[in-house]
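A.B. asks:
Numbering (my numbering), first residue to last: 377 to 641.
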């Protein structure tokens, strides 16, 4: 049976596996389709397209952008955009600049708490709070990444820094400009405020990530109904990160061939 996991992260954001290793794991899982959707980065492409072809797997371009709608953080998935376009790449580079500035601000806040990190110790194409948390563990300031977020890095905590806010509207426009499909990621995790959600879903999304990670396929029904009512594409994936999220296993959420083809063909 054809199954495709359209939400995987590699070392080019906060995943622990390189694209080649990730493709091997996809093969081992029995999936026939997949998509790497790194946070704010498309550096896995075009390499992963070639790797998928060699492995006999189906794939397409993907990315997961951070954005804001009415001051609330949301994640948007982009699928099937052209690699020769400029809009998605430009937005990715803007996010990298934003993250660098944000990391520097957080490092300064941590200094005030007698926690000393160096920017040069943060390795990755797109470095974020998970990388800062790992350095805090490595240097003995906290016992776990969860503790780092709970006490310092999570939104509302003493060392949190938001930085530039890029709107959901602007993000959708960039994805569309390069011929891609814009999908609202894991709506299950968003604030379940009815009026706010309705306003959010009035944006020109192409799809909803109805099947997601640890939520059962029965729990997806609410979002499947929303997608059908609005005529939106249905997507899904595990949100696999490797060692950073050991509970999110490749293939734990997936879509069928019909849904895959509607997104990428």
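By construction, the Cβ of each residue, glycine as well, lies at the ideal position given by its N, Cα and C atoms.
Between the Cα of residue 452 and those of 543, 592, 517, 446, spot the shortest distance and give me the residue it belongs to.
C.D. replies: Cα-wise, what sits closest to residue 452 is 543.
A.B. asks: Reducing DSSP to helix, strand and coil, say where residue 528 ends up.
C.D. replies: Correct three-state label for residue 528: helix.
A.B. asks: Taking three-plus beta-carbon pairs below 8 Å as touching, is the segment 480 to 497 in contact with the segment 446 to 461?
C.D. replies: Verdict: no, contact absent.
A.B. asks: How is residue 557 classed by DSSP in three states: helix, strand or coil?
C.D. replies: Here residue 557 sits in strand by DSSP.
A.B. asks: Just to confirm the assignment, what range does the beta strand (DSSP E) spanning residue 449 have?
C.D. replies: First-last of the beta strand (DSSP E) with residue 449: 448 to 455.
A.B. asks: Counting pairs of Cβ atoms below 8 Å between the segment 433 to 451 and the segment 543 to 558, do you hit three or more?
C.D. replies: Counting Cβ pairs under 8 Å, three or more are found: they touch.
A.B. asks: Start and end of the beta strand (DSSP E) containing residue 387?
C.D. replies: Element bounds for residue 387: n/a, residue is neither H nor E.
A.B. asks: Which residue spans inside the segment 537 to 595 form an unbroken alpha helix (DSSP H) run of at least 4?
C.D. replies: DSSP runs (the alpha helix (DSSP H)) wholly in the segment 537 to 595: 544 to 553, 570 to 576.
A.B. asks: In angstroms, rounded to a whole number, what distance separates the CA positions of residue 423 and residue 412?
C.D. replies: Their Cα atoms are separated by approximately 11 Å.
A.B. asks: Would you say residue 393 and residue 410 are within 8 Å of each other, going by their C-beta atoms?
C.D. replies: No; because the gap between Cβ atoms is not below 8 Å, this pair is not in contact.
A.B. asks: Find the nearest neighbour of residue 420 within the set 404, 384, 448, judged by alpha-carbon distance.
C.D. replies: Considering only alpha carbons, the answer is 384.
A.B. asks: Where residue 531 and residue 623 are concerned, what is the direct C-alpha to C-alpha distance, given to the nearest angstrom?
C.D. replies: Those two C-alpha atoms are separated by around 23 Å.
A.B. asks: In whole angstroms, what is the alpha-carbon distance linking residue 538 and residue 478?
C.D. replies: Going by the C-alpha atoms only, they are around 7 Å apart.
A.B. asks: So, under 8 Å CB-CB, residue 502 and residue 417 are touching, yes? Tell me the CB distance rounded to an integer number of Å.
C.D. replies: Their Cβ separation, rounded to whole angstroms, is 4 Å, which keeps residue 502 and residue 417 in contact under 8 Å.
A.B. asks: Among 618, 512, 627, 641, which one has its Cα closest to the Cα of residue 377?
C.D. replies: Checked all of 618, 512, 627, 641; the closest Cα to residue 377 is 627.
A.B. asks: In the DSSP assignment, the beta strand (DSSP E) including residue 503 goes from what residue to what residue?
C.D. replies: Counting along the chain, residue 503 falls outside any beta strand (DSSP E), and DSSP gives it neither H nor E.
A.B. asks: Assuming residue 438 and residue 382 form a contact by the criterion Cβ under 8 Å, report the distance between their Cβ atoms to the nearest whole angstrom.
C.D. replies: Rounded, the Cβ-Cβ distance is 7 Å, consistent with contact.
A.B. asks: Which class does residue 442 belong to by DSSP, given the choice of helix, strand or coil?
C.D. replies: If DSSP states are grouped into helix, strand and coil, residue 442 belongs with the strands.
A.B. asks: Does the separation of the CB atoms of residue 495 and residue 480 fall below 8 Å?
C.D. replies: Yes, these two residues count as a Cβ contact at 8 Å.
A.B. asks: From the DSSP output, in three-state form, read off residue 641 for me.
C.D. replies: Coil, per DSSP.
A.B. asks: Would the beta-carbon of residue 450 fall within 8 Å of that of residue 576?
C.D. replies: Going by C-beta atoms, residue 450 is nearer than 8 Å to residue 576.
A.B. asks: My understanding is that residue 509 touches residue 529, with C-beta atoms under 8 Å, so please give their C-beta distance in whole angstroms.
C.D. replies: Sure, about 6 Å apart at Cβ, within 8 Å.
A.B. asks: Using a 10 Å radius around the Cβ and a threshold of 16 neighbouring Cβ atoms, would you call residue 585 buried or exposed?
C.D. replies: The residue in question, residue 585, is buried, as its Cβ has 16 or more Cβ neighbours within 10 Å.
A.B. asks: Give me, in chain order, the residues of the same chain whose beta-carbon lies closer than 7 Å to that of residue 536; leave out the 5 immediate sequence neighbours on both sides.
C.D. replies: Cβ within range, chain order: 529, 530.
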